[in-house]
Every structure is written in C-alpha cells, then in structure tokens.
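Enquirer: When you line the sequence shown up against the working numbering, it's residues 66 to 301, in that order. Cβ atoms here follow ideal geometry from the backbone N, Cα and C, with glycine treated the same way.
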Amino acid sequence: MPTETMTKNYTTLLFDVDNTLLNFDIDEKNALKKTLEEVGAPTEDTVLRLYSEINAGLWRQFEKDEVTKEELKSIRFRKLFETVGLPCPVSSREINDRYLENLGEGGETVDGAKETVQALFEKGYTLYIVTNGVEHTQKRRLHRSGLDRYIAGSFVSEKIGIQKPFKAYFDYVFNNIDEKDRSKLLLIGDSLGSDIKGALDSGIDCVWYNPKGIENTVCGKPTYEISDIRDLIKML
66 MPTETMTKNY
76 TTLLFDVDNT
86 LLNFDIDEKN
96 ALKKTLEEVG
106 APTEDTVLRL
116 YSEINAGLWR
126 QFEKDEVTKE
136 ELKSIRFRKL
146 FETVGLPCPV
156 SSREINDRYL
166 ENLGEGGETV
176 DGAKETVQAL
186 FEKGYTLYIV
196 TNGVEHTQKR
206 RLHRSGLDRY
216 IAGSFVSEKI
226 GIQKPFKAYF
236 DYVFNNIDEK
246 DRSKLLLIGD
256 SLGSDIKGAL
266 DSGIDCVWYN
276 PKGIENTVCG
286 KPTYEISDIR
296 DLIKML
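#1: Looking at C-beta atoms only, is the number of pairs between the stretch 89-98 and the stretch 222-229 that lie closer than 8 Å three or more?
#2: Look at the Cβ atom of Ile261, then the Cβ atom of Pro287, and state whether they are nearer than 7 Å.
#3: What are the partner residues of Tyr193, as DSSP defines its beta bridges?
#4: Mind listing, in chain order, the continuous beta strand (DSSP E) runs of no fewer than 3 residues lying wholly within the stretch 230-262?
#5: For the structure I just gave you, are there three or more beta carbon pairs, one from the stretch 235-249 and one from the stretch 114-130, closer than 8 Å?
#6: Closer than 8 Å is the cut-off here; do at least three beta carbon pairs connect the stretch 163-173 with the stretch 79-86?
#7: My guess is that Lys73 and Ser248 are in contact by the Cβ rule of under 8 Å, so how many angstroms apart are they, rounded?
#8: Let me make sure I understand the geometry here. Which of Gly278, Pro107 and Tyr237 has the alpha-carbon closest to that of Tyr193?
#9: Express the C-alpha separation of Leu250 and Asn88 in angstroms, rounding to a whole number.
#10: Can you give me the C-alpha to C-alpha distance between Val182 and Met300, rounded to a whole angstrom?
#11: Please go through the same chain and pick out, in chain order, the residues whose beta-carbon is closer than 8 Å to the beta-carbon of Gly155, but skip the five residues on each side of it.
#12: Mind checking Ile140: buried by the 16 CB within 10 Å criterion, or exposed?
#13: Are the CB atoms of Phe235 and Ser267 nearer to each other than 7 Å?
#14: Look up Leu87 in the DSSP assignment and say whether it is helix, strand or coil.
#15: Leaving out five residues on either side along the sequence, give the residues of the same chain with a beta carbon under 6 Å from the beta carbon of Cys284.
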C-alpha cells in the first residue's frame, strides 16, 4: 500500500499500546508459558492458543461493556482450565496475578516502533498513550521498552473507569491534554473495534495500523491506513 499524505497539521498523537507499539503476541506467549510452568500446568502450543482465544474474546466483551475488567481478570484462567478439562492448581485469580506480573516483564516492541516514536518526538509532536490494558502492567512494559521517555502521558481505562471505544473515554482524554483543537489530534491503533471505532465516533482522525492486511468489516473507513508503523514518519 503506498504511503498516504496527510494534509492536516496535527500536533498531538494518541498511540494504542498492544500490537501497535508493543508486541503483545510475544509478551503474552512468554508470560503465559512462564505462568503455567510456575503452577505446574501444561504449556503446549494448543493450550497457549486456546488461552489467547479466550482472552481476546473477553477483551471484545469488555470493549462492549459486557464484562468488567475485574470479571475479565477472574474469568479467563478459570475458563481455560475448564476448557482443557483440568482443575485449577491454585485459584484462577492467583494465576491471573502471576500472569500480570510476568507480563510486566515484557516490553517487546513492534518492528519499527522505537525509531518511529523517537522520530515523531524529535519532530515536535506530543505523544500520549491510550490503552485498555492493566495500568501497572502497561507502564512496566512501556518502561522496559524504553518508549516511555517519549510519552507525555498515559490514559489507561482501568484508572479512568471507562474504556475505548466509548466516547466518554476520548472526551476524558481530550479534557486532560494541552491541545484543545480536536482536529489536531490523531489516533494510531490496530484495533478496529476499540481504536478506530472510538476515534471515528469521537470526531478524531485516526490511522489504522493493519500489518496483516485484514478486511475492515467492523466500522467506518479510518482516515488513514498503514501496514508498517514506520510509514508514520513519512506521513507526518
């Protein structure tokens, strides 16, 4: 896909975290395998994939306000062990707490994310994080990645009390950043359901980071679409 040209004068960039700046797939797999080993549970690839499917489904429910963050954290490992037909060796909440601690040891970046964030920071853009993740875990991963030095602030749904894609989440972000012209904001994210839908519903321009070239069957047309995060350097 050829790199698009941006005609607007953006000043402030709102970055999603997972699979936009940080490689959640790698961090998740490493943390999950370590956690299951710690509790004496099987770590076969089929089990890891099953967890990813369960977890992704629960996050989609969370984005639709069908489950709370606390319910998500207490349900996902219980559902995993029920599905594989094994008893939980310890409480599902304890497994979840261990998993989040191990996930916080991650920080693997998406290919090109470091150079992109640094280049945009040096160009004078103000960068913020907008994420539905767990606050303590996300901040640890960003710090370990080295990206946090370029970030002016983070907006984590867990702390705000409302999540992407709801308009109230983006209204909160807008009310708590320096830029007061919404047309100068640009959101960058990989999720159609939370990032792109949320931005479009809130009147914020957006870049859909779509490295796998998937079809958009979820929401309206994003303002821009890229397949390589480094394309932002040329576009902005």
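Expert: By the coordinates alone:
#1: no
#2: Stepping through the sequence shown from its first residue, residue 261 is reached at position 196. Stepping through the sequence shown from its first residue, residue 287 is reached at position 222. Yes, Cβ-Cβ distance for Ile261 and Pro287 is below 7 Å.
#3: For the purposes of this step, residue 193 is taken as the residue at position 128 of the sequence shown. Looking at the DSSP assignment, Tyr193 forms a beta bridge with Leu79 and Gly218.
#4: 250-254
#5: no
#6: no
#7: Residue 73 sits at position 8 when you count from the first residue of the sequence shown. Residue 248 sits at position 183 when you count from the first residue of the sequence shown. About 7 Å separates the two Cβ atoms, so the contact holds.
#8: Numbered from its first residue, the sequence shown carries residue 193 at position 128. Residue Tyr237 is the option with its Cα nearest to Tyr193.
#9: As a first step, residue 88 is located in the sequence shown; it is residue number 23 there, counting from the start. As a first step, residue 250 is located in the sequence shown; it is residue number 185 there, counting from the start. Rounded to whole angstroms, Asn88 to Leu250 spans 24 Å at the Cα level.
#10: Here the question's residue 182 lines up with position 117 in the sequence shown. Here the question's residue 300 lines up with position 235 in the sequence shown. So the two alpha carbons sit approximately 13 Å from each other.
#11: Translated into positions along the sequence shown, residue 155 becomes position 90. Note on identity: in this sequence residue 155 is Val, with Gly being the wrong assignment. Only Val104 meet the Cβ criterion.
#12: The residue given as residue 140 occupies position 75 in the sequence shown. Its Cβ being crowded by 16 or more others within 10 Å, Ile140 is buried.
#13: Along the sequence shown, read from residue 1 onward, the residue named residue 235 stands at position 170. Along the sequence shown, read from residue 1 onward, the residue named residue 267 stands at position 202. A contact, by the Cβ cut-off of 7 Å.
#14: One-based indexing of the sequence shown puts residue 87 at position 22. In the structure shown, Leu87 sits in a strand (DSSP, three-state: E or B).
#15: Along the sequence shown, one-based indexing puts residue 284 at 219. Around Cys284: Leu257, Ile261 and Lys262.
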